[in-house]
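Quick notes on the structure that follows.
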Amino acid sequence: MTMMRYAEALNAALREEMLSDSSVWLFGEDIGRYGGVFKVTKGLMDEFGESRVRDTPISEQALTAMAVTAAMTGTKPVLEIMFADFMPLTLDALVNQASVFGYLWEGQVEMPMVLRTQGGGGVGTGAQHAKCLDALVAHVPGIKVVAPVTAADAKGLLKAAIRDPQPVVFLEHKLLYNMRSEVPDGDELVPIGKARTVVDGSDISIFATSKMVIEAEGAAKALAKDGINAEVIDLRTLRPLDLDAIKTSIAKTNHAIVVNEGWTFGGYAAELSATIMDYCFDDLDAAVGRVAMPDMPIPYSEPLELAVLPNAAKIATAARTALA
Numbered sequence: 004m005t006m007m008r009y010a011e012a013l014n015a016a017l018r019e020e021m022l023s024d025s026s027v028w029l030f031g032e033d034i035g036r037y038g039g040v041f042k043v044t045k046g047l048m049d050e051f052g053e054s055r056v057r058d059t060p061i062s063e064q065a066l067t068a069m070a071v072t073a074a075m076t077g078t079k080p081v082l083e084i085m086f087a088d089f090m091p092l093t094l095d096a097l098v099n100q101a102s103v104f105g106y107l108w109e110g111q112v113e114m115p116m117v118l119r120t121q122g123g124g125g126v127g128t129g130a131q132h133a134k135c136l137d138a139l140v141a142h143v144p145g146i147k148v149v150a151p152v153t154a155a156d157a158k159g160l161l162k163a164a165i166r167d168p169q170p171v172v173f174l175e176h177k178l179l180y181n182m183r184s185e186v187p188d189g190d191e192l193v194p195i196g197k198a199r200t201v202v203d204g205s206d207i208s209i210f211a212t213s214k215m216v217i218e219a220e221g222a223a224k225a226l227a228k229d230g231i232n233a234e235v236i237d238l239r240t241l242r243p244l245d246l247d248a249i250k251t252s253i254a255k256t257n258h259a260i261v262v263n264e265g266w267t268f269g270g271y272a273a274e275l276s277a278t279i280m281d282y283c284f285d286d287l288d289a290a291v292g293r294v295a296m297p298d299m300p301i302p303y304s305e306p307l308e309l310a311v312l313p314n315a316a317k318i319a320t321a322a323r324t325a326l327a
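Each residue of the sequence shown is one higher than the one before, starting from 4 at the first, in my numbering.
Structure, rendered in structure tokens:
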């Protein structure tokens, strides 16, 4: 095991996959000489050259269409979109091309492309650079969506995503890049579609995504002071969803809270809550609690931004309400 920052773990995954498979290549805005806006691709252009690490103009729609074509013709492109706020520009290529080509051609065409992007608030980047838009892509069949929270999962899931024959949207949170954790040495993959139990508990299940897992851990610690034993589940993969892990946890606790940084109305937390009601209704002793962003633009003012973002205190309050 090696202690790594989240960004370093992503860099290691990209480097290892490029070394082991010559069909893997990277492209995106400022990923080459600059090393990426968050330095995830630092040093890779020097090592692999401009033919495999390509700087591009700012044109998210065209770049995603390029990734689709490159995947269809036998390479494994990894595209970086600088901010998740610009994901709507990628949707035509993702929704109308990448997600359906395997279906339209009866499995004769694989689509091994990865679209990396980062989102989330907490650093005062305002309404155009801090959104969580995971629900947009998780809604679409044929696209896998992953959102690791630890450095180990970041490396293992990115390696798995690059090797996957289907398109994968790989979501990173800007506040995770400098967080450190132990990362297994060697070629260790984390399977797409498997959740992770972060905290064992028996009173209530808290299902969270991305950085909200850390907030859920904080809520579990606060609840423990009140004698409430909360279980925290890191979903890791938003689609496909690990229903077995969800069912197992709720069968034990009989209560559930879902946490996501996206907007409340029509957000991923809404879908997760409905899924739990569909599959776990008989095991629930109360309605599913939901913690998400209010339906408003993200404020530029940092104090106002922090006031509207989901956090540990809001999760703990929701848990207490569910158990009341």
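Every residue gets a Cβ at the ideal spot worked out from N, C-alpha and C, and that includes glycine.
Distance check between Glu305 and each of Thr240, Glu50, Thr153 and Thr128 places Thr128 closest, using alpha-carbon atoms only. Here the alpha carbons of Ala12 and Asp88 stand approximately 24 Å from one another. Using a C-beta cut-off of 8 Å, the stretch 160-176 makes contact with the stretch 117-132, since at least three inter-stretch Cβ pairs fall below that distance.
For Lys250, the enclosing alpha helix (DSSP H) begins and ends at Leu246 to Thr256. By the Cβ neighbour-count rule, Leu66 is buried, with 16 or more other Cβ atoms within 10 Å of its own. Pairing Ala211 with Ala322 gives a Cβ-Cβ distance that is not under 8 Å. Residue environment for Ile61: exposed (fewer than 16 other C-beta atoms within 10 angstroms of its C-beta). Taking C-beta separations shorter than 8 Å and ignoring five residues to either side along the sequence, the partners of Glu308 in its chain run Gly124, Gly125, Gly127, Ala133, Ile301 and Pro302, following chain order.
Look at Arg166 here: in three-state DSSP terms it is helix.
A buried status is given to Asn263, since no fewer than 16 other beta-carbon atoms sit within 10 Å of its beta-carbon. Pairing Asp286 with Ala254 gives a Cβ-Cβ distance under 8 Å. In this structure, the beta-carbon distance from Ile260 to Gly292 falls below 8 Å.
In the DSSP annotation of this structure, the continuous segment of the alpha helix (DSSP H) that includes Met21 starts and ends at Tyr9 to Ser23. A direct Cα-to-Cα measurement between Ile195 and Ala150 gives close to 10 Å. Put simply, the backbone Cα of Ala227 is about 48 Å away from that of Gln100. Annotated three-state conformation of Phe89 is helix, per DSSP. In the three-state scheme derived from DSSP, where H, G and I count as helix and E and B as strand, Asp95 is classed as helix. Boundaries of the beta strand (DSSP E) around Thr120: Val117 to Gly122. Assignment of Ile231 by DSSP, reduced to helix, strand and coil, places it in the coil class. Boundaries around Val140 are those of the alpha helix (DSSP H), Asp137 to Ala141, since no beta strand (DSSP E) includes it.
Looking only at Phe86, Ala319 and Met21, the smallest Cα-Cα distance to Ala223 is reached by Ala319.
Per DSSP, Val311 lies in no beta strand (DSSP E); the unbroken alpha helix (DSSP H) holding it starts and ends at Glu305 to Val311.
Following the DSSP letters along the chain, one finds Val71 inside the alpha helix (DSSP H) bounded by residues Glu63 to Met75. By the Cβ neighbour-count rule, Arg239 is buried, with 16 or more other Cβ atoms within 10 Å of its own.
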